[in-house]
Amino acid sequence: MRILLAVSGGIDSMYLLHRAPELFPGASFAVAHCNFGLRGAESDGDEAFVRAECGKLGVDCYVERFDTLGYAGEHGISVEMAARELRYAWFSSLCQSPGFDALATAHNANDNAETLILNLLRGTGTKGLRGIPGGSVAQSVPPETSASLRPPHCATLAGPPRSCGHGRPQFPETHSDSTPPPGIKANTLVFSSLANNLWENLPEVERQGVDNQEVRKSAARVVRPLLGTTREEIRAWMEKKGFEWREDSTNALDEARRNKIRNRVFPVFAEINPSFVKTLGADIERFRQTDDIADDYYRQAAERIVKKAPQAAAGAILQISVAGLLELRHWRYVLWRALEDYGVSAETFDKLCTLLERYRTEPLGTVTLSGKVFESPAHILRARRKNLLLFNR
């Protein structure tokens, strides 16, 4: 198995790099590093650091430099979203050629908790309560290795994107000692009922707002083995081992919403419950299981009452049977799930539900559905006879 490690040079990804042989026994590895050019010399310093560390470990290193600001301006999106689209599209291309079985990222338990809070503040359905996409598995990290690092193996790592071409990286042989890193022993393998393995499709980044066709076409797979490990556990292990990492100066700024949560809100949470990250992680797993049940309910209902093109009425991309919908106990949930991918706002959805509730409860003939129109930026929803029909603008 060949694993591509996404390594920025920060503490989380350097932890992933150093522990990769234990996380994926018998696998071979390479590193992918993105230089987004957003922090000038600091970005270049991160790149040089990652190249040097890969050289020490004998790990193939791929580097790509991006015109992130130019891409954001060209596509009318935020810099953060531009960086996400660029990196995942590149990761996908690397997984296809030269070819890797999966991409491993260093998202940890704190990242998962931050994502949950951000989703709640933004307003979310049950999907947003699942935390980081692909977080259905929190894998326990094996006992630490006490082996020493081997001498430099990869001499030159020049040019984006190019590896040093030495084949399988020469990580040290690993063996267990009696002292696992703090907190790791408590981690468990947790599987969702819909995904009994470590893998997911890379395009799950769409759920965080990315709408990029090329990214969605990706066939790459991603694994996030650190979702059960807290940032504090990672730091304790790295400091104990004496490994180095780079600090991103922008993480200390509160300009980004995630940084505000991390720097200002979470310290208050920690005062109330020092183990709140683990607590939220357990909650997220319960939310996932609940969402799996709700998802099964929706799928069964949709088979009977929802049709998509070409089965839908002529010209429509979606057709929903009103009679079948209103027979359901949780018809609002089914309606929301059917429409959620089409940009229907909460306000428009509420107006539609109000009309349907009146149609359902008031005397026959007093409320007319036919002819009613509800609009979103990209779609028009029309009520015709016994169906709700969704059309592209």
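In the working numbering, the protein residues as written are 1363 to 1755. Where is the CB? At the ideal position from N, CA and C, for every residue including glycine.
Please confirm whether any heavy atom of the ligand ZN lies closer than 6 angstroms to the CB of residue i.
| i | result |
| --- | --- |
| residue 1471 | Although the ligand ZN was asked about, the structure shown includes no ligands whatsoever. |
Residue i: buried (16+ other C-beta within 10 angstroms of its C-beta) or exposed?
| i | result |
| --- | --- |
| residue 1390 | buried |
| residue 1655 | exposed |
| residue 1397 | buried |
| residue 1527 | With a pLDDT of 32 at residue 1527, under the threshold of 50, the predicted position of this residue should be treated as unreliable, though the coordinate-derived value follows. By the 10 Å Cβ count, residue 1527 comes out exposed. |
| residue 1449 | buried |
| residue 1458 | exposed |
| residue 1739 | exposed |
| residue 1419 | buried |
| residue 1517 | For residue 1517, the predicted structure reports a pLDDT of 24, less than 50, and the residue's modelled location is therefore unreliable. A value from the coordinates is still provided. Exposed, because fewer than 16 other Cβ atoms sit within 10 Å of the Cβ of residue 1517. |
| residue 1662 | exposed |
| residue 1646 | buried |
| residue 1611 | exposed |
What residue from the options has the CA that sits closest to residue i's CA?
| i | options | result |
| --- | --- | --- |
| residue 1730 | 1625, 1708 and 1744 | 1744 |
| residue 1735 | 1486, 1665, 1583 and 1753 | 1753 |
| residue 1495 | 1585, 1661, 1726 and 1428 | 1585 |
| residue 1470 | 1402, 1592 and 1405 | 1592 |
| residue 1701 | 1407, 1668 and 1650 | 1668 |
| residue 1387 | 1658, 1485, 1602 and 1363 | 1363 |
| residue 1485 | 1725, 1737 and 1708 | 1708 |
When DSSP labels each residue in this structure, what does residue i get in the three-state scheme?
| i | result |
| --- | --- |
| residue 1745 | strand |
| residue 1456 | helix |
| residue 1682 | strand |
| residue 1724 | coil |
| residue 1608 | coil |
| residue 1665 | helix |
| residue 1737 | strand |
| residue 1617 | coil |
| residue 1674 | coil |
| residue 1427 | strand |
Leaving out five residues before and five after residue i in sequence, what residues of the same chain have Cβ atoms less than 8 angstroms from its Cβ?
| i | result |
| --- | --- |
| residue 1684 | 1718, 1721, 1731, 1745, 1748, 1749 and 1750 |
| residue 1665 | none |
Short of 7 angstroms in beta carbon distance, which residues of its chain neighbour residue i, apart from the five on each side in sequence? Order them along the chain.
| i | result |
| --- | --- |
| residue 1434 | 1440, 1441 and 1444 |
| residue 1607 | 1371, 1372, 1373, 1376 and 1600 |
| residue 1529 | Any reading at residue 1529 must be qualified, since the residue scores a pLDDT of 33, below 50, and its modelled position is unreliable; no value is offered. |
| residue 1686 | 1666 and 1667 |
| residue 1653 | 1488, 1489, 1491 and 1492 |
Within the same chain, show all residues whose beta-carbon is closer than 6 angstroms to that of residue i, passing over the 5 residues directly before and after it, in chain order.
| i | result |
| --- | --- |
| residue 1423 | 1393, 1413, 1416 and 1519 |
| residue 1355 | For residue 1355 there is no data in the structure shown, the boundaries of the chain being 1363 and 1755. |
Exercise for the section: Would you check if the stretch 1716-1723 and the stretch 1635-1642 touch, i.e. whether three or more CB-CB distances between them fall below 8 angstroms? Expected result: A contact is defined here as three or more CB-CB pairs under 8 angstroms, and the stretch 1635-1642 fails this definition with respect to the stretch 1716-1723.
Exercise for the section: Mind the definition here: the stretch 1479-1487 touches the stretch 1611-1629 only if three or more C-beta pairs lie below 8 angstroms; say whether that holds. Expected result: In the pairwise beta carbon analysis, the stretch 1479-1487 is classified as touching the stretch 1611-1629: at least three pairs are separated by under 8 angstroms.
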